[in-house]
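Participant:
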Amino acid sequence: MARKVNKAGFDLVKHFEGFYTKAYTCPAGVWTIGYGHTKGVKRGDTVTLDEAEQLLEADLDAAGAEVERLVRVPLKDNQYAALVSFVFNAGSGNFAASTLRKKLNAGGYDDVPVELARWVKATDPKTGQKRTLAGLVRRRAAEGELWLSAEPGRFVNSSIMPQEVSR
Numbered sequence: 000m001a002r003k004v005n006k007a008g009f010d011l012v013k014h015f016e017g018f019y020t021k022a023y024t025c026p027a028g029v030w031t032i033g034y035g036h037t038k039g040v041k042r043g044d045t046v047t048l049d050e051a052e053q054l055l056e057a058d059l060d061a062a063g064a065e066v067e068r069l070v071r072v073p074l075k076d077n078q079y080a081a082l083v084s085f086v087f088n089a090g091s092g093n094f095a096a097s098t099l100r101k102k103l104n105a106g107g108y109d110d111v112p113v114e115l116a117r118w119v120k121a122t123d124p125k126t127g128q129k130r131t132l133a134g135l136v137r138r139r140a141a142e143g144e145l146w147l148s149a150e151p152g153r154f155v156n157s158s159i160m161p162q163e164v165s166r
């Protein structure tokens, strides 16, 4: 049986994605619905809360499968959850090519929060330029905190805020 993301990871993604019953374009210009679901979404689509949670579970399972495929070192549950959130948001191709993954697979567990914090830019669909998004800064900090919370005695700051998008 494939590994499932834990409640902390599921809740982190829900928090940062927010719930949207109607399709909208995210800051990167991608049609999105529910809790960050993008596959096959188009203008005018709608979703119920139950449907959105089912889509999110399937999306996180897919992201988790990529984490399992690409990571060669053991992960604690919160470490796995932090990486699933990252892969769900940034994409498995970005994770596969990242310094984050290379350092982690070389045993650099302590490098992960710093590397996560580098992934805070999105391409503006209007200008084609990369820009830092405050919501991504907060999300990466929360993922880093979740990663660190896998270690006993580490402080975790729960004052996280969702990313900003127009509804």
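Under numbering that gives the first Met the number 0, think of the first position of the sequence shown as 0, with each following residue one higher.
By construction, the Cβ of each residue, glycine as well, lies at the ideal position given by its N, Cα and C atoms.
Can you name the start and end residues of the beta strand (DSSP E) that Y19 belongs to?
Facilitator: Run containing Y19: Y19 to T24, per the beta strand (DSSP E) assignment.
Participant: On a Cα-Cα basis, can you pick out the residue from L74, K6 and G90 that is closest to G106?
Facilitator: For the residues L74, K6 and G90, the minimum Cα distance to G106 belongs to L74.
Participant: Going straight from the alpha carbon of F15 to that of G134, what length do you get?
Facilitator: Roughly 8 Å separates the two Cα atoms.
Participant: F85 and L59: beta carbons closer than 8 Å?
Facilitator: No, Cβ-Cβ distance for F85 and L59 is not below 8 Å.
Participant: Excluding five sequence neighbours on each side, which residues of the same chain lie with their C-beta closer than 6 Å to the C-beta of G143?
Facilitator: Here the set comprises P112 and L115.
Participant: Quick one: Cα of Y34 to Cα of A89, how far?
Facilitator: Near 15 Å, if we compare the C-alpha coordinates of A89 and Y34.
Participant: Kindly provide the ranges of any beta strand (DSSP E) runs that are 3 or more residues long and lie completely inside the region 61 to 149, ordered along the chain.
Facilitator: Those beta strand (DSSP E) runs which fall completely within the region 61 to 149 and span 3+ residues are 120 to 122 and 129 to 131.
Participant: Just curious, the alpha helix (DSSP H) that G8 is in, first and last residue?
Facilitator: Start and end: K6 to E16.
Participant: Could you tell me whether the region 118 to 134 touches the region 20 to 30, using the rule of 3 or more Cβ pairs below 8 Å?
Facilitator: Enough Cβ pairs lie closer than 8 Å, so yes.
Participant: What are the boundary residues of the beta strand (DSSP E) that includes T31?
Facilitator: Residues W30 to G33.
Participant: Taking the straight line between their C-alpha atoms, what separation do you get for R227 and W118?
Facilitator: Coverage of the chain is limited to positions 0 through 166, which leaves residue 227 absent and any answer about it impossible.
Participant: Apart from the five residues just before and just after A95, which ones in its own chain have a Cβ nearer than 7 Å to its Cβ?
Facilitator: Here the set comprises L69.
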